[in-house]
Each structure stands twice: as C-alpha cells, then as structure tokens.
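Note that UniProt numbering gives residue 210 to position 210 of the sequence shown, counting from 1, and the numbers run on in steps of one. C-beta atoms are modelled at their ideal positions from N, C-alpha and C, and glycine is treated no differently. Please read all numbers here as calculations on a predicted model, not as lab measurements. Note sheet for the following structure.
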Amino acid sequence: MADRPPHRPDRIIPTIDPEARHIHKSGRQRDDGYKVHLAVEPETGLFTAVALRPGAGAAHHETAVAPDLLAAERGPLQILADAAYAAAWLRATLTDAGHRLLIKPPALKPAVAGGFTLDDFIIDTGAGTVTCPAAHTVPLAAPAGHYQQRRATFTGLCAACPLRDRCTTAKTGRIVTIRPHHDPQAAARHPGQRPPAPSPRRRPQPPPPHQPATHPHQWHLDPRSHRSLTPTHADPPTKIVRTLLAPVRSCGRRG
Numbered sequence: 001m002a003d004r005p006p007h008r009p010d011r012i013i014p015t016i017d018p019e020a021r022h023i024h025k026s027g028r029q030r031d032d033g034y035k036v037h038l039a040v041e042p043e044t045g046l047f048t049a050v051a052l053r054p055g056a057g058a059a060h061h062e063t064a065v066a067p068d069l070l071a072a073e074r075g076p077l078q079i080l081a082d083a084a085y086a087a088a089w090l091r092a093t094l095t096d097a098g099h100r101l102l103i104k105p106p107a108l109k110p111a112v113a114g115g116f117t118l119d120d121f122i123i124d125t126g127a128g129t130v131t132c133p134a135a136h137t138v139p140l141a142a143p144a145g146h147y148q149q150r151r152a153t154f155t156g157l158c159a160a161c162p163l164r165d166r167c168t169t170a171k172t173g174r175i176v177t178i179r180p181h182h183d184p185q186a187a188a189r190h191p192g193q194r195p196p197a198p199s200p201r202r203r204p205q206p207p208p209p210h211q212p213a214t215h216p217h218q219w220h221l222d223p224r225s226h227r228s229l230t231p232t233h234a235d236p237p238t239k240i241v242r243t244l245l246a247p248v249r250s251c252g253r254r255g
C-alpha cells in the first residue's frame with residue numbers, strides 16, 4: 001500500500017466548522033478547535049484584549065497575534081509572557097515600542113541528558129567563532145539554508161576529549177547550530193543581562209481566575225486552547241463574552 005501523503009498543518013477538520021484546526025502543543029496534549037489569545041490586566045484580572053484564531057498556522061501563532069493585542073495600549077508597558085511569546089523578532093518589536101519585557105525564554109535542551117547546553121559554549125557571532133567547554137575553538141560558518149542557520153563543527157576534536165560524554169553522542173563530533181537571532185535570545189537567558197525584576201513586595205504574578213494581582217499597568221499574555229464548538233454548543237464569541245464577564249461578576253459578588 002502506498003504511503004499516505006502528509007497532512008497539511010492548516011487543513012480543515014470538520015466541514016461544519018471550517019476554521020477549526022488541530023492544536024498539538026505536545027505529542028501527548030492534542031486538541032481540536034480554536035486558540036484564544038488574551039491580554040490580562042493583573043490588578044483587576046480583566047481581559048483587555050482578546051483574539052480568537054484557528055488553532056494552527058503561522059499567522060495565528062502567539063508571536064503573530066501579540067502585537068495586535070497591545071496595539072491599542074497607550075504608553076510603554078511592562079509585559080509578562082511565557083515562552084510561547086519569546087521569539088526574537090517579537091522581542092525586538094516590543095522593545096522598539098518602548099515596552100519593558102519579562103518574557104520567559106525557552107529552555108535549552110542538552111544533546112546529552114544532564115550535559116552541556118548551547119549556553120556552555122562561547123559563541124562570538126561577530127568574530128565568527130565558537131569555543132566549546134573543553135576550550136576548543138572552531139570557525140562559525142556563514143548563514144545557509146531556509147532558516148539562515150550558522151554551524152560550528154568540532155569534527156576530529158571530540159574523539160579524545162574527556163568531556164565528550166557530557167557533550168555529544170555523535171560519532172563525528174559535536175555540531176553547534178545557531179539561528180540569526182542568537183545574540184538577543186542568549187542575552188534574554190542570562191539574568192544579568194535581562195531587566196531587573198520588580199521588588200518582592202510588588203512582584204507581579206499572573207492572576208488566578210477572578211483574583212486580582214498586585215501590580216498595575218502590567219499585561220500578561222496567555223494562549224488558551226478551546227475545543228471545537230459544534231452547533232449544539234455556544235458559539236465562540238459567546239464563549240469569549242462569558243469568560244470576559246466572569247471577573248466582573250466575581251468583583252460584584254465580593255463588593
């Protein structure tokens with residue numbers, strides 16, 4: 001039997017809901033439907049902006065929607081967000097707009113469990129060199145490929161290296177690959193180069209449902225997945241309105 005062609009990532013799922021998409025956050029966590037992007041004001045817990053998008057596709061990714069959520073805001077803000085919003089170009093866009101960023105950088109995965117990560121290498125993009133933890137320095141190749149990545153190849157240097165077991169399992173040696181925005185992403189991972197955190201008394205926390213936070217003028221971006229809605233359920237706009245009004249109803253009960 002011939003192999004089935006790969007599915008398009010933006011393929012339509014049900015004909016009765018043509019904008020619904022597969023949402024694969026991980027190999028185990030899979031949903032079908034939409035993704036709601038929210039901007040939350042932590043002091044009150046109110047959602048100040050909301051966007052309902054299909055659950056897949058580059059045009060509907062968190063980094064593509066975030067500027068729209070903040071477009072109507074006045075003045076620079078302090079922005080809290082998780083790693084979904086950590087793309088380098090979005091960091092640059094928000095920084096150029098005068099915002100102060102507290103965006104969680106994505107975690108680095110070592111090539112060997114418990115071994116070295118990219119931050120254990122000294123990468124000088126200006127000089128075009130990479131130095132490994134064993135102090136071997138090799139040149140960084142010119143950008144190439146679809147993603148314009150640069151590679152540093154340690155072929156021939158790893159075989160007798162005492163740190164090999166913590167660095168690579170490749171027979172030919174370690175290859176370090178970086179993307180065009182390596183420098184700003186690396187700076188975001190190092191606490192000494194990130195903006196200082198607020199004082200402990202006023203440290204912002206993403207608010208639990210219906211519970212106000214403690215610091216004004218900060219905005220928490222939060223992607224949430226919603227299952228596909230059939231005609232027998234509330235339509236997506238109604239679902240959003242109910243969610244938006246929940247903190248208001250809660251405040252009314254407390255008052």
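Residue burial classification, K35 (beta-carbon count within 10 angstroms, cutoff 16): buried
Buried or exposed by the 16-neighbour rule on C-beta atoms within 10 Å, applied to T168: Counting the other Cβ atoms within 10 Å of the Cβ of T168 gives 16 or more, which makes it buried.
Beta-carbon spacing of H37, E62 below 8 Å: Yes, they are a contact pair.
Nearest candidate by alpha-carbon position, reference Y85, set H146, A39, V176, T172: Distances from the alpha-carbon of Y85 to those of H146, A39, V176, T172 put A39 closest.
Y85, DSSP secondary structure in three states: helix
8 Å contact criterion, which F154 and H136 should meet: CB distance rounded: 6 Å
Buried versus exposed call for I122 [16 or more other C-beta atoms within 10 Å across all chains shown]: exposed
Status (buried if at least 16 other CB within 10 Å, exposed otherwise) for G45: So G45 counts as buried.
Burial state of L90 (16 or more Cβ within 10 Å): buried
Residues of its chain near S111, where Cβ-Cβ distance is below 6 Å and the 5 sequence neighbours each way are ignored: The amino acid at residue 111 is misidentified as Ser; the sequence shows Ala. Only T168 meet the Cβ criterion.
Residues bridged to P42 (per DSSP): Partner residues in a beta bridge of P42, as assigned by DSSP, do not exist.
R166, DSSP secondary structure in three states: For R166, the three-state secondary structure derived from DSSP is helix.
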